[in-house]
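Q: Here the sequence shown is numbered in my numbering, starting from 62 and rising by one per residue.
C-beta: ideal position from N, C-alpha, C; glycine also.
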Amino acid sequence: MWPFGSVGQAIAWQREANPGGHQPWHLDAGIIAQMFTQQYLGFTAVNKVVKVSTQGEQSWVSVGFDNPNGVATVAAVLHLVQIGEGASIDKPWEVVGSQDTTLTVTAPAYGATVRSPVTVGGTITGVDESLHVQIRGGGQDHAVGEVTGIPAGGTSAPWTATVPFTVGCPATLTIAVSTGGHVADVERFAVTGVRC
Numbered sequence: 062m063w064p065f066g067s068v069g070q071a072i073a074w075q076r077e078a079n080p081g082g083h084q085p086w087h088l089d090a091g092i093i094a095q096m097f098t099q100q101y102l103g104f105t106a107v108n109k110v111v112k113v114s115t116q117g118e119q120s121w122v123s124v125g126f127d128n129p130n131g132v133a134t135v136a137a138v139l140h141l142v143q144i145g146e147g148a149s150i151d152k153p154w155e156v157v158g159s160q161d162t163t164l165t166v167t168a169p170a171y172g173a174t175v176r177s178p179v180t181v182g183g184t185i186t187g188v189d190e191s192l193h194v195q196i197r198g199g200g201q202d203h204a205v206g207e208v209t210g211i212p213a214g215g216t217s218a219p220w221t222a223t224v225p226f227t228v229g230c231p232a233t234l235t236i237a238v239s240t241g242g243h244v245a246d247v248e249r250f251a252v253t254g255v256r257c
């Protein structure tokens, strides 16, 4: 999903930029997760890496923020994998999804091919939630589709939204759902990757 649009782009970075020490952050799962959250998704207040757990060429990075009491709160656990060629030490990290707990995106399935409008859905556990779904990708630096104010709540309660989007296909797209407003604008989010 991000920061590369394909394995080929990751290999090109390995061959062209990495030998000269350019963009070394591609080799740090925590930095990639934070940049994905703040710069790509625009969740600027989700401003800290709470935990990084790496096993081989996979990493789970908990990103979050300090609540009003100064306690670190996890907004999402992002799943990253190393892609490219060669030894792990030289492979860049790629965000491929999230490990969802109380907010999930179950439709469309990861890697599915979608058309506009796309039906997005999942489950949420929470009280008085208002969901925001955005679609990003296709080389754009802004959301290419968005729906806000989706009422939700309950225990593992289903939610759904129909989201129109405009982007040149074929493209790799990120679907992100977020909720907040109790103690922060974005308190939880989940992501999945699709293609059009």
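Could you tell me which residues DSSP puts in a beta bridge with Gln-195?
A: Taking the sequence shown and counting its residues from 1, the one referred to as residue 195 is at position 134. Per DSSP, Glu-207, Ala-237.
Q: Check for me: the beta strand (DSSP E) holding Glu-155 runs from which residue to which?
A: Residue 155 sits at position 94 when you count from the first residue of the sequence shown. 154-159 is the extent of the beta strand (DSSP E) around Glu-155.
Q: Is the region 65-79 touching the region 96-112 in the sense that three or more CB pairs, one from each, lie closer than 8 Å?
A: Not touching, per the Cβ criterion.
Q: Starting from the C-beta of Asp-89, find all residues in its chain whose C-beta is less than 8 Å away, skip the five residues before and the five after it, and write them out in chain order.
A: By one-based count along the sequence shown, residue 89 stands at place 28. The residues are Trp-154.
Q: Quick check on the burial criterion: 16 or more other C-beta atoms within 10 angstroms. Buried or exposed for Gln-143?
A: Your numbering for residue 143 matches position 82 in the sequence shown. Gln-143 is buried by the Cβ-count criterion.
Q: Helix, strand or coil for Arg-76, going by three-state DSSP, please let me know.
A: Taking the sequence shown and counting its residues from 1, one reaches residue 76 at position 15. In the structure shown, Arg-76 sits in a helix (DSSP, three-state: H, G or I).
Q: Quick one, are the C-beta atoms of Thr-240 and Thr-216 less than 9 Å apart?
A: Here residue 240 corresponds to residue number 179 of the sequence shown, with the count starting at 1. Here residue 216 corresponds to residue number 155 of the sequence shown, with the count starting at 1. In this structure, Thr-216 does not lie closer than 9 Å to Thr-240 by Cβ.
Q: Pull up the DSSP beta-bridge partners for Trp-121, would you.
A: Reading the sequence shown from its first residue, position 60 is the one you call residue 121. According to DSSP, which records beta bridges pairwise, Trp-121 is partnered with Ser-114, His-140.
Q: Give me the Cα-Cα distance between Val-124 and Asp-202, rounded to the nearest whole angstrom.
A: In the sequence shown, residue 124 corresponds to position 63, counting from 1. In the sequence shown, residue 202 corresponds to position 141, counting from 1. The alpha-carbon atoms of Val-124 and Asp-202 are separated by roughly 21 Å.
Q: What whole-angstrom Cβ distance do Gly-254 and Gly-172 have, given they're in contact under 8 Å?
A: For this step, residue 254 is matched to residue 193 along the sequence shown. For this step, residue 172 is matched to residue 111 along the sequence shown. Rounded, the Cβ-Cβ distance is 7 Å, consistent with contact.
Q: What are the residues that DSSP puts in a beta bridge with Val-166?
A: By one-based count along the sequence shown, residue 166 stands at place 105. Answer is none; Val-166 lacks a bridge partner.
Q: Among residues of its own chain, excluding the 5 on either side of Asn-157, which ones have a beta-carbon nearer than 7 Å to its beta-carbon?
A: As a position in the sequence shown, residue 157 is number 96, starting the count at 1. Before going further, note that residue 157 is Val rather than Asn in the sequence given. If we look at Val-157 and ignore the five residues flanking it on each side, its Cβ neighbours are Met-62, His-140, Leu-141, Val-142, Gly-254.
Q: When burial is assigned at 16 or more other CB atoms within 10 Å of the CB, is Gly-210 buried or exposed?
A: Along the sequence shown, one-based indexing puts residue 210 at 149. Exposed: under 16 other Cβ atoms inside 10 Å.
Q: What's the gap between the Cα of Gln-84 and the Cα of Gln-75?
A: The count along the sequence shown starts at 1 and reaches residue 84 at position 23. The count along the sequence shown starts at 1 and reaches residue 75 at position 14. One C-alpha to the other measures close to 10 Å.
Q: CB Phe-104 to CB Ala-136, shorter than 9 Å?
A: Taking the sequence shown and counting its residues from 1, one reaches residue 104 at position 43. Taking the sequence shown and counting its residues from 1, one reaches residue 136 at position 75. For Phe-104 and Ala-136, yes; Cβs fall inside 9 Å.
Q: In three-state terms, what does DSSP make of Phe-65?
A: For the purposes of this step, residue 65 is identified with residue 4 of the sequence shown, where counting begins at 1. Looking at Phe-65 - three-state DSSP - the assignment turns out to be coil, as it is neither helix nor strand.
Q: Whole angstroms are fine: how far does the CA of Thr-180 sit from the CA of Cys-230?
A: Translated into positions along the sequence shown, residue 230 becomes position 169. Translated into positions along the sequence shown, residue 180 becomes position 119. So the alpha carbons of these two residues sit roughly 18 Å apart.
Q: Determine the burial state of Gln-100: buried for a count of at least 16 other Cβ atoms within 10 Å of its Cβ, exposed for fewer.
A: Position 39 of the sequence shown, counted from the first residue, corresponds to residue 100. Gln-100 should be labelled exposed.
Q: Where do the N-terminal and C-terminal ends of the beta strand (DSSP E) with Ala-251 fall, by residue?
A: Counting from 1 along the sequence shown, the entry for residue 251 is found at position 190. Its beta strand (DSSP E) spans residues 249-256.
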